[in-house]
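Report on the following structure.
2 protein chains.
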Amino acid sequence: MEVAREAGVHPATASRALNPSARGEVSPRTVRRVVQAAERLGYVPNTLARGLRTSRSFVAALVIPDITNSLFPPIVRGAEQVLSAAGFTLVLTDTNNDPDSERGQIASMRAHGVDGFIIATARWQDSLLDELAADGTPTVLVNRRTAKSDLPFVGAEDQDGVRLCVDHLADLGHRNIVHLAGPSDTSTGRERSSAFRAAMRMRQLPLRSAILECASYSEAAGAAGAARLRASGRPFSAIVAANDLLALGAMEQLAGSGLQCPRDYSITGFNDLSFMSKLTPALTTVRVPLAEMGAHAARTLLGWIGSDGNPTSLRVLLPVELIIRGTTSPH
Amino acid sequence: MEVAREAGVHPATASRALNPSARGEVSPRTVRRVVQAAERLGYVPNTLARGLRTSRSFVAALVIPDITNSLFPPIVRGAEQVLSAAGFTLVLTDTNNDPDSERGQIASMRAHGVDGFIIATARWQDSLLDELAADGTPTVLVNRRTAKSDLPFVGAEDQDGVRLCVDHLADLGHRNIVHLAGPSDTSTGRERSSAFRAAMRMRQLPLRSAILECASYSEAAGAAGAARLRASGRPFSAIVAANDLLALGAMEQLAGSGLQCPRDYSITGFNDLSFMSKLTPALTTVRVPLAEMGAHAARTLLGWIGSDGNPTSLRVLLPVELIIRGTTSPH
DNA sequence: GCGGCAGCCACAATCGATTGCGGTCGAGCA
DNA sequence: TGCTCGACCGCAATCGATTGTGGCTGCCGC
Numbered sequence: 026m027e028v029a030r031e032a033g034v035h036p037a038t039a040s041r042a043l044n045p046s047a048r049g050e051v052s053p054r055t056v057r058r059v060v061q062a063a064e065r066l067g068y069v070p071n072t073l074a075r076g077l078r079t080s081r082s083f084v085a086a087l088v089i090p091d092i093t094n095s096l097f098p099p100i101v102r103g104a105e106q107v108l109s110a111a112g113f114t115l116v117l118t119d120t121n122n123d124p125d126s127e128r129g130q131i132a133s134m135r136a137h138g139v140d141g142f143i144i145a146t147a148r149w150q151d152s153l154l155d156e157l158a159a160d161g162t163p164t165v166l167v168n169r170r171t172a173k174s175d176l177p178f179v180g181a182e183d184q185d186g187v188r189l190c191v192d193h194l195a196d197l198g199h200r201n202i203v204h205l206a207g208p209s210d211t212s213t214g215r216e217r218s219s220a221f222r223a224a225m226r227m228r229q230l231p232l233r234s235a236i237l238e239c240a241s242y243s244e245a246a247g248a249a250g251a252a253r254l255r256a257s258g259r260p261f262s263a264i265v266a267a268n269d270l271l272a273l274g275a276m277e278q279l280a281g282s283g284l285q286c287p288r289d290y291s292i293t294g295f296n297d298l299s300f301m302s303k304l305t306p307a308l309t310t311v312r313v314p315l316a317e318m319g320a321h322a323a324r325t326l327l328g329w330i331g332s333d334g335n336p337t338s339l340r341v342l343l344p345v346e347l348i349i350r351g352t353t354s355p356h
Numbered sequence: 026m027e028v029a030r031e032a033g034v035h036p037a038t039a040s041r042a043l044n045p046s047a048r049g050e051v052s053p054r055t056v057r058r059v060v061q062a063a064e065r066l067g068y069v070p071n072t073l074a075r076g077l078r079t080s081r082s083f084v085a086a087l088v089i090p091d092i093t094n095s096l097f098p099p100i101v102r103g104a105e106q107v108l109s110a111a112g113f114t115l116v117l118t119d120t121n122n123d124p125d126s127e128r129g130q131i132a133s134m135r136a137h138g139v140d141g142f143i144i145a146t147a148r149w150q151d152s153l154l155d156e157l158a159a160d161g162t163p164t165v166l167v168n169r170r171t172a173k174s175d176l177p178f179v180g181a182e183d184q185d186g187v188r189l190c191v192d193h194l195a196d197l198g199h200r201n202i203v204h205l206a207g208p209s210d211t212s213t214g215r216e217r218s219s220a221f222r223a224a225m226r227m228r229q230l231p232l233r234s235a236i237l238e239c240a241s242y243s244e245a246a247g248a249a250g251a252a253r254l255r256a257s258g259r260p261f262s263a264i265v266a267a268n269d270l271l272a273l274g275a276m277e278q279l280a281g282s283g284l285q286c287p288r289d290y291s292i293t294g295f296n297d298l299s300f301m302s303k304l305t306p307a308l309t310t311v312r313v314p315l316a317e318m319g320a321h322a323a324r325t326l327l328g329w330i331g332s333d334g335n336p337t338s339l340r341v342l343l344p345v346e347l348i349i350r351g352t353t354s355p356h
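The listed protein sequences derive, respectively, from chains G and A.
Those letters in the first sequence? Residues 26 to 356, per our numbering, in order.
Those letters in the second sequence? Residues 26 to 356, per our numbering, in order.
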C-alpha cells in the first residue's frame, strides 16, 4: 500500500478503499481519491503479502504424470479456464511418473501457500494422498482415484464405456474377446477390467485367460501385451484395450506378425485422444469428456475452498460415448 | 520460524542455521539443535514470507496459447524439468489465443511475484512484450519472437527446415511447389515463407502465386488455404506447409476433391507433432527439438535471473531434421 | 588484573497488505 | 450547552522469514 499512500491516506484506509467488501467503512470521497491514485500508479496488489496475511493465495496446483500424454492437455485446459475465470492461478507440475518427485513437488507447492490441489496421478494405494486427505488440504482427484475414497473424485463412466465396447463387438459377432487391461495400481485399470468381466458374463462369453494386464498405459506396454497374447496361443478375434495407447501398441505389434486390423481382428480403445480419428484405420474408441472432467474438478475444488468446510460431492462420473470407426468390423 | 523456535532460539538464529550460506555465523551445536527441531516439526519454509522479504519467489511462468495443441506439451515438459531441477516452480497459463486474457494473466503473475517469464505466444508486433522488455522483467521467448529482438529467443532453424523441404521435393522432380504459409503476425510464418522464397529461387523454381498465407496455424485454416489453391487454378504437384496442422487440413480438403497424397501431389509439414508418423500416409515433416527448446529457454531464463544482469545469449536456433515419410514421392 | 578481540546470538526493522481497536469529529438531541 | 452516537479514519499488531547492528561472553595477551 506504500504506493497508494500517494493518495495521502493511511495504508489501512487505502486497503479498505480497494477492498470491495470493506469499502463501506470509507467515505466515497476518499475511495475516489485512493482509486485514482492507484490507477495513476498502475497499482497491482502484492499477492505474496496478501497471502501471507490472509493465508489465501488464489493459486491452485494441478499435478499430472506427463503432459506429453495427450490425455492430459484437455484436462489442464478445462481446469485452467474455470480457475482463471474465478481469479485463480494454475500452477502445473509434471511428476514424470515419479512418486518421489511428486512428493517433492507437492511439498514445494504447499510451501508456496497453494490453496488446493487437483491430482491426476493417483495410484490405487497412495500414502501421499492419504496424508493430504488427513490434514484437510483441499484436494480433488481427477481421472484416477485411490482405494479409500475420502477425497472427491471426478472421472468418467468407465464401466459404461467398457460395456459399450463389449456389446458392440459382441453385436458384430465376436466371441473370443480379450482385454488388454491397464495397470492394477490405477483405479482405471481395475475398474475397466472388472467392467470387462461383468460385460462378458452378461453376454455369456468366455472369460478364461481373457484378461492380460499391461505394466503401464503406454504403446510399449500395449505391444508387450499383444506379444504375450500371441505367445499364449489364446484364440481371439477382438481386443478391448484399456486405453488408446495400449490399442495403438497392440496394433503395431500384431501388424508385425502379419495380422491386419480390421481384417483379422477388431480392437477398441479408450479416451479418444486427438488424432485417433486420423489413423488408418481410424480407431473405434470411447470418448471421454476430458475438458469437462478438468473443468468439473476445478469447480469442485473451488467449491471446497470457498465453503471453508468439506467438499460437496464425493464422486462424479461423467458420461462417455462409443465412437465407432474403422478398427471394428463384423466377424 | 515460529516453529523452529521450538529449538529455544531466536528466529534470526534459526533462519541462519537453516540457511547454508549463513550457517557459519552460528555454532555447530546450535545448528544441530535447530535442524533437529525443524525435522521434528516437519518444517517447510514459507515461500511467501521469504519471497516478500527477498523479492525472489523461485517461480517461473510459462505462457502458451493452447495446451491442447500438441506443439506445446513437449516445450512445457522440457522447461518443467529444467526448472524443477533448479528448485523452481512452473506456473502455466494458457491464454486461449486471446491477447486480452494474456495481458490479465501476466499482470496476475507479476502480482504473484514471479521471477520471470517464458513466452510462447509472441506476435510479430507485441506491445505487451515490449513493455516487459522495457521494465527489465526477465523474459525469454520460445518458438516465436517479436519484430524487435530485444528479448532473448530460443527457436529452431526454420530456414534450414524449409530449405530441406524444398530441396527434397525438387530432388524428387517437383517444379510447381506452393507454400501454405503461416500467419504473417508470427515470426515463424514470416521466416518460413521468406525461407521458402529463397529456397525456390536457389532452385530456380517458379514463385508466381506460389505462396498462400493461412489465417492461423490450424487444420481449418489449412483446409481453407487448400481450397483457395484449388479455386485459383494454379498448377501444383507439391505443397510445403508451414506446419503439420496446415498440412493435415490441406490433405483433408484435397481428399475431398479427389486428390490423393502422395499419388496426386506431395506435401511436407513442420514440427513433427506426435502421431504424425502414425498417419496413412505418414507425414513427411521437419522435426523440431521441442523439448530441447523448452529446456533451453528455461536455462536461459535461469541464467538471466541468476546473473542479476542482462541475459547471456540473445538468440539461439536449434537444428532441425527432415523426416522423410510417405507424403512425398517422385513426380 | 584489565583491555581487547572474536565468536555467537538476540534485537528490531523490513517486505506489503490486512484487520481489530480506538480516537476524532460532526451532527443530532435534550 | 453538553452529551451521545455513528461515520470515518489512523494506529499498531500480524503473517513468516531475512538481515544489519549491537551486545554478551569468554579467552587471550600484556
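Glycine included, each C-beta is placed from N, C-alpha and C at the ideal position.
Cβ-based neighbour list, residue i, same chain, cut-off 6 Å, excluding 5 preceding and 5 following
| i | result |
| --- | --- |
| Leu232 of chain A | Met225 |
| Ala86 of chain A | Val116, Met134, Val139 and Phe142 |
| Ser82 of chain G | Gly76, Gly138 and Asp140 |
Which of helix, strand or coil DSSP assigns to residue i
| i | result |
| --- | --- |
| His204 of chain A | strand |
| Phe178 of chain G | strand |
| Asp155 of chain G | helix |
| Phe97 of chain G | helix |
| Ser291 of chain A | strand |
| Arg312 of chain G | strand |
| Ile330 of chain G | helix |
| Phe221 of chain G | helix |
| Thr116 of chain A | Residue identity differs from the one stated: residue 116 of chain A is Val in this sequence, not Thr. DSSP places Val116 of chain A in strand when its eight states are reduced to three. |
| Thr211 of chain A | coil |
| Ala172 of chain A | coil |
Candidates the options: closest to residue i by CA position
| i | options | result |
| --- | --- | --- |
| Val341 of chain G | G:Met318, G:Met301, G:Ser332 and G:Thr353 | G:Met318 |
| Pro208 of chain A | A:Ile236, A:Arg57, A:Leu298 and A:Ala85 | A:Ile236 |
| Phe113 of chain G | A:Gly180, A:Val101 and A:Gln130 | A:Gln130 |
| Thr164 of chain A | A:Phe97, A:Leu176 and A:Pro99 | A:Leu176 |
| Gly274 of chain A | A:Arg259, A:Ala240 and A:Pro260 | A:Ala240 |
| Leu108 of chain A | A:Ile330, A:Met134 and A:Pro355 | A:Ile330 |
| Ala63 of chain G | G:Leu43, G:Thr211, G:Arg81 and G:Thr79 | G:Leu43 |
| Pro98 of chain A | A:Leu339, A:Asn296, A:Gly328 and A:Pro355 | A:Asn296 |
| Val311 of chain G | G:Leu77, G:Asp183 and G:Leu166 | G:Asp183 |
| Asn268 of chain G | G:Ser152, G:Val313, G:Gln229 and G:Leu279 | G:Val313 |
| Ser234 of chain A | A:Tyr242, A:Met227 and A:Ser218 | A:Ser218 |
Contacts of residue i in chain A (Cβ-Cβ under 7 Å)
| i | result |
| --- | --- |
| Phe300 of chain G | Phe300 |
Residue i versus residue j - alpha carbon distance
| i | j | result |
| --- | --- | --- |
| Arg253 of chain A | Gly283 of chain A | 16 Å |
| Gly250 of chain A | Ser291 of chain A | 16 Å |
| Glu277 of chain G | Ala248 of chain G | 7 Å |
| Leu343 of chain A | Gly186 of chain A | 11 Å |
| Ala104 of chain G | Ala316 of chain G | 7 Å |
| Ala263 of chain G | Leu96 of chain A | 34 Å |
| Gly294 of chain G | Ala272 of chain G | 6 Å |
| Arg222 of chain A | Ala245 of chain A | 24 Å |
| Leu326 of chain G | Arg170 of chain G | 15 Å |
| Asp123 of chain G | Ser332 of chain A | 31 Å |
Cβ shell of residue i (< 8 Å), same chain only, five flanking positions each side left out
| i | result |
| --- | --- |
| Ala47 of chain G | Ser40 and Arg41 |
| Pro306 of chain G | Cys286, Pro287, Arg350, Gly351 and Thr352 |
| Gln150 of chain A | Thr171, Ala172 and Asp210 |
| Ile89 of chain A | Phe97, Ile100, Val101, Leu117, Thr118, Asp119, Thr120, Ala145 and Thr146 |
| Pro260 of chain A | Asn201 |
Within chain G, partners of residue i - CB distance below 7 Å
| i | result |
| --- | --- |
| Arg135 of chain A | Val69 |
| Pro336 of chain A | The contacting residues do not exist; Pro336 of chain A stays about 24 Å from chain G at best. |
9 Å Cβ cut-off: residues of chain G touching residue i
| i | result |
| --- | --- |
| Glu105 of chain A | Ile92, Leu117, Thr118, Asp119 and Asn121 |
| Leu304 of chain A | Phe300, Lys303, Leu304 and Thr305 |
| Pro124 of chain A | Simply none; closest approach about 15 Å. |
| Ser82 of chain A | Leu73 and His137 |
Chain-ordered chain A contacts of residue i [CB-CB under 9 Å]
| i | result |
| --- | --- |
| Gln130 of chain G | Ser109 and Thr114 |
| Ser95 of chain G | Thr93, Ser95, Pro98, Ser299 and Phe300 |
| Val60 of chain G | Per Cβ cutoff of 9 Å: no residues; Val60 of chain G is ~17 Å from chain A at best. |
| Arg102 of chain G | Asp91, Ile92, Thr93, Asp119 and Asn121 |
Contact list for residue i against chain G, beta-carbon separation under 8 Å
| i | result |
| --- | --- |
| Leu77 of chain A | Asn71, Leu73, Ala74 and Leu77 |
Residues of its chain near residue i, where Cβ-Cβ distance is below 7 Å and the 5 sequence neighbours each way are ignored
| i | result |
| --- | --- |
| Ala111 of chain A | Leu327 |
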